[in-house]
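Heads up: the structure comes next, in structure tokens.
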Amino acid sequence: DGGITQSPKYLFRKEGQNVTLSCEQNLNHDAMYWYRQDPGQGLRLIYYSQIVNDFQKGDIAEGYSVSREKKESFPLTVTSAQKNPTAFYLCATQASYGYTFGSGTRLTVV
Amino acid sequence: LAKTTQPISMDSYEGQEVNITCSHNNIATNDYITWYQQFPSQGPRFIIQGYKTKVTNEVASLFIPADRKSSTLSLPRVSLSDTAVYYCLVGDLSNYGGATNKLIFGTGTLLAVQP
């Protein structure tokens, strides 16, 4: 998927658990993003990072956390504080021509 | 940030040309127009990008009038596999990654191609 690997493809979370979604890129892009998509809706920005060791909240950051210790990696943790985490999560990088997306992780609360 | 407006859905038949129009009345001087395609349970995929007039690649054409307040994505001779959601985005890609330039995805246009 254009040099972005998201894992796992499917993830099941029990109530009260924290889970971490992986995003790795080999495109050498500085900017990375996490989006959430709910059925029939567009993408909503959770967090983004312009450079290593720096990240900013997006529009719906509550209940989520991220880290950017390496340029290649931007993991997203869905914490127990996120009350409605069931959704499709997309990681993306951005170059001058636009976004490149991973294949997504579908998270379901069981 | 320029907001975009697209039709929620469109229907077509195989072999037809499909035109999807996007309205972006508040587009800024440095903004580019980019279209993405998304299939179910996949990430959006870049289709085409332009600034003004007409851009064509192997997949689609993008028509942008002189005032740049709208744009039209043209898909020639669609097939069943073109059934997807199409997003129109507007943003300044020369300063990417910043809070003021993050691209906003609307709900897109669901194109349904029938046999």
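Each protein sequence line maps, in turn, to chains R and C. Numbered according to the numbering used here, the first sequence terminates at residue 524, and the numbering increases by one at each position without gaps. Numbered according to the numbering used here, the second sequence terminates at residue 197, and the numbering increases by one at each position without gaps. Cβ atoms here follow ideal geometry from the backbone N, Cα and C, with glycine treated the same way.
Item, Value
"Consult DSSP for R/Ser-479 and reduce its assignment to one of helix, strand or coil.", "strand"
"In angstroms, rounded to a whole number, what distance separates the CA positions of C/Cys-104 and C/Gly-190?", "9 Å"
"Counting only beta-carbon atoms, is C/Thr-189 nearer than 8 Å to chain R?", "yes"
"Closer than 8 Å between beta carbons: that is the criterion. Which residues of the segment 119-131 of chain C meet it against chain R?", "Ser-123, Gln-124, Gly-125, Pro-126, Arg-127, Phe-128 and Gln-131"
"Report yes if the CB atom of C/Glu-96 is closer than 8 Å to the CB atom of C/Val-195, and no otherwise.", "yes"
"Measuring only the C-alpha atoms, how far is C/Ile-146 from C/Thr-87?", "15 Å"
"How many whole angstroms separate the CB atoms of R/Leu-504 and R/Gly-516, which I take to be in contact at a CB cut-off of 8 Å?", "6 Å"
"Identify each residue in the segment 104-116 of chain C for which the Cβ-Cβ distance to at least one residue of chain R is less than 9 Å, and report them in chain order.", "Tyr-114 and Thr-116"
"Hey, is C/Thr-189 close to the ligand ADP, as in C-beta under 7 Å from one of its heavy atoms?", "With respect to small molecules bound, the structure shown includes none, and the ligand ADP cannot be examined in it."
"Who are the near neighbours of C/Ser-162 in its chain, counting only those whose CB is closer than 7 Å to its CB and skipping five residues on each side?", "It is Leu, not Ser, that sits at residue 162 of chain C in the sequence shown. Here the set comprises Glu-96, Val-195 and Pro-197."
"Keeping to the same chain, check which residues put their C-beta closer than 8 Å to that of R/Lys-423; ignore five residues upstream and five downstream.", "Ser-517, Gly-518, Thr-519 and Arg-520"
"So, helix, strand or coil for C/Ser-123, using DSSP?", "coil"
"Assuming R/Arg-427 is part of the beta strand (DSSP E), what are its boundary residues?", "424-427"
"Distance check for R/Arg-427 and C/Met-92, CA to CA, integer angstroms please.", "36 Å"
"With a threshold of 6 Å on Cβ separation, who are the neighbours of R/Leu-435 within its own chain once the five nearest residues in sequence on each side are excluded?", "Leu-490, Tyr-503 and Thr-519"
"C/Phe-128 to R/Asp-468, Cα distance in whole Å?", "26 Å"
"Leaving aside the five residues before and after R/Thr-419 along the sequence, list all residues of the same chain whose C-beta is less than 6 Å from its C-beta, in chain order.", "Glu-438"
"How far does the beta strand (DSSP E) with C/Ala-194 in it extend, from its first residue to its last?", "191-196"
"For a contact defined as C-beta to C-beta under 7 Å, what are the partners of R/Leu-504 on chain C?", "Gly-125"
"Identify the continuous beta strand (DSSP E) that holds R/Thr-519 and give its terminal residues.", "519-523"
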